[in-house]
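J.: Residue 79 is where the sequence shown starts when you use the numbering used here, and the numbers rise one by one after that.
Where is the CB? At the ideal position from N, CA and C, for every residue including glycine.
One structure, pasted below without further comment.
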Amino acid sequence: MKKSILTALGCLLLAAVFPIAAFAQELIVGGQAIGIRIQTEGVLVSGVGEVETAEGSRRPAADAGLQEGDRILQANGRELHSAAELIAAVGEAEGRTVELTIRREERELLAFVQPALSKDGQWMMGLWLRDVVTGIGTVTFCDPETGIYGALGHSIRDDTSGCRVDVGTGSITEAEITGVTSGEPGTPGALNGDFTGGRVLGSVEQNGDCGIYGRATAPLGSRTVEVGQFRTGPASILTTVNGREVREFEVRITRLYRDSAGEHVMLSVTDPELRALTGGIVQGMSGSPILQDGKLVGAVTHVFVNDPTRGYGISIQDMLDAAGIEEQAA
79 MKKSILTALG CLLLAAVFPI AAFAQELIVG GQAIGIRIQT EGVLVSGVGE VETAEGSRRP
139 AADAGLQEGD RILQANGREL HSAAELIAAV GEAEGRTVEL TIRREERELL AFVQPALSKD
199 GQWMMGLWLR DVVTGIGTVT FCDPETGIYG ALGHSIRDDT SGCRVDVGTG SITEAEITGV
259 TSGEPGTPGA LNGDFTGGRV LGSVEQNGDC GIYGRATAPL GSRTVEVGQF RTGPASILTT
319 VNGREVREFE VRITRLYRDS AGEHVMLSVT DPELRALTGG IVQGMSGSPI LQDGKLVGAV
379 THVFVNDPTR GYGISIQDML DAAGIEEQAA
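Structure representation (structure tokens):
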């Protein structure tokens with residue numbers, strides 16, 4: 079294995095409910111593109127592989143029982159904050175057994191790994207590691223009373239292992255959309271943007287099935303709307319496809335359905351301009367607010383891979399429940 083650190087770019091993340099429930103009759107509606115940066119809790123095992131030694135291939139991590147999705151929290155009793163710290167601890171051991179504290183789902187376990195000396199003289203365990211995830215997404219809402227925001231409408235996962243990323247620390251920043259890779263049948267498109275050096279807008283504290291959540295430290299819009307419920311028929315989405323301008327485009331909700339994860343919809347992009355600009359729904363638009371009758375009813379989450387003009391959405395109530403926000407009865 080030649081590399082021990084992987085980084086990721088893209089937003090296609092166990093949810094911890096905020097400790098104090100907030101109550102809101104109206105929410106600030108989003109639609110703006112944001113840059114997302116998450117430092118994982120510990121170091122995520124993105125893959126388990128082999129180490130090529132002078133005596134042949136060895137699998138130290140696999141032999142010790144490590145698996146994709148494990149979170150390595152400590153090495154020889156020292157808390158880990160990055161993949162580089164783990165690599166340094168393995169090197170310092172100089173071939174001696176390394177004791178790892180790992181989290182697997184809800185359990186903490188110990189693993190004892192005997193590193194192998196690679197052909198190029200490095201002590202290695204045979205792991206692909208991830209400690210940072212970055213990408214672009216879209217803000218759905220912000221509660222004007224508490225500053226709690228929600229974005230994406232789905233979890234952020236490691237694109238190699240498919241495992242949800244636990245948040246150590248994280249932030250959202252201003253982003254500028256610089257181009258679009260249009261979606262085509264079988265090939266999802268994407269918003270291309272720049273958020274390096276952008277102003278920090280808030281924290282990322284939670285990554286769950288219904289999106290990412292945190293607290294805003296800068297304004298996330300000014301337009302307030304009431305919360306509503308899905309129905310089939312005409313609707314619109316707010317999203318950013320160029321620069322930092324939030325625009326409204328027409329869609330149609332074609333189906334409502336409920337499963338174990340909550341209430342969802344299928345929708346079609348009917349706006350000819352959006353279809354011409356992006357081909358429909360593309361990566362980075364996840365979290366784009368869905369409006370009906372002037373009310374915030376949900377957010378775009380995924381695209382149909384074989385038809386970019388069609389996609390899925392999540393209800394705003396499911397996102398609010400995940401964030402600990404309850405709608406106040408009028």
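#1: Does DSSP put P386 in a helix, in a strand, or in coil?
#2: Under the DSSP definition of a beta bridge, which residues are partnered with P266?
#3: By how many angstroms is the C-alpha of N285 removed from the C-alpha of G276?
#4: Using DSSP with H/G/I as helix, E/B as strand and the rest coil, what is V319?
#5: Drop a sphere of 10 angstroms on the beta-carbon of T216, count the other beta-carbons inside from all chains shown, and report buried for 16 or more, exposed for fewer.
#6: Just mark V278 as buried or exposed, buried being the case when its beta carbon has 16 or more other beta carbons within 10 Å.
#7: Along the chain, which unbroken stretches of the beta strand (DSSP E) at least 3 residues long are found entirely within the stretch 138–211?
#8: How many Å lie between R388 and L316 at the Cα?
#9: Let me know if T356 comes out buried or exposed under the rule of 16 or more other beta-carbons within 10 Å of its beta-carbon.
#10: Quick one: using the 10 Å Cβ neighbour count with 16 as the cut-off for buried, is P350 buried or exposed?
#11: Please state whether DSSP places M397 in a helix, a strand or coil.
#12: Please report how far the alpha carbon of G240 lies from the alpha carbon of A339, in whole angstroms.
#13: How about D209 and A161: do their beta carbons lie closer than 8 Å?
#14: Which of helix, strand or coil does DSSP assign to E351?
#15: Does the Cβ of F101 have 16 or more other Cβ atoms within 10 Å, making it buried, or fewer, making it exposed?
#16: Among G299, I116, D337 and Y335, which one has its Cα closest to the Cα of G109?
#17: Just mark L178 as buried or exposed, buried being the case when its beta carbon has 16 or more other beta carbons within 10 Å.
#18: Just to confirm before moving on: does the CB-CB distance between P193 and V211 stay below 8 Å?
#19: Return the first residue and the last residue of the beta strand (DSSP E) that I255 is part of.
#20: Can you name, in chain order, every residue of its own chain whose Cβ lies under 6 Å from the Cβ of A140, other than the five neighbours on each side?
#21: Taking its Cβ as the centre, do 16 or more other Cβ atoms sit within 10 Å of P386, making it buried, or is it exposed?
#22: So, V383 versus G231, is the Cβ gap smaller than 8 Å?
#23: Residues in the same chain with beta-carbon distance under 6 Å from T175, minus the five sequence neighbours each way, listed in chain order, please.
#24: In three-state DSSP terms, what is T224?
#25: Could you give the DSSP three-state label for T295: helix, strand or coil?
#26: Taking the DSSP output, what are the residues bridged to S249?
#27: Look at the alpha carbon of V282 and the alpha carbon of G391, and state the distance between them as a whole number of angstroms.
#28: Just curious, the beta strand (DSSP E) that V303 is in, first and last residue?
T.: With the structure as the only source:
#1: strand
#2: According to DSSP, P266 bridges with nothing at all.
#3: 22 Å
#4: coil
#5: buried
#6: exposed
#7: 149–153, 176–182 and 185–191
#8: 16 Å
#9: buried
#10: exposed
#11: helix
#12: 18 Å
#13: yes
#14: helix
#15: With a pLDDT of 45 at F101, under the threshold of 50, the modelled position of that residue is not reliable, and the figure given next carries that caveat. With fewer than 16 other Cβ atoms within 10 Å, it is exposed.
#16: G299
#17: buried
#18: no
#19: E254 to T259
#20: V126
#21: buried
#22: no
#23: F190 and Q192
#24: coil
#25: coil
#26: R115 and S281
#27: 22 Å
#28: T302 to E304
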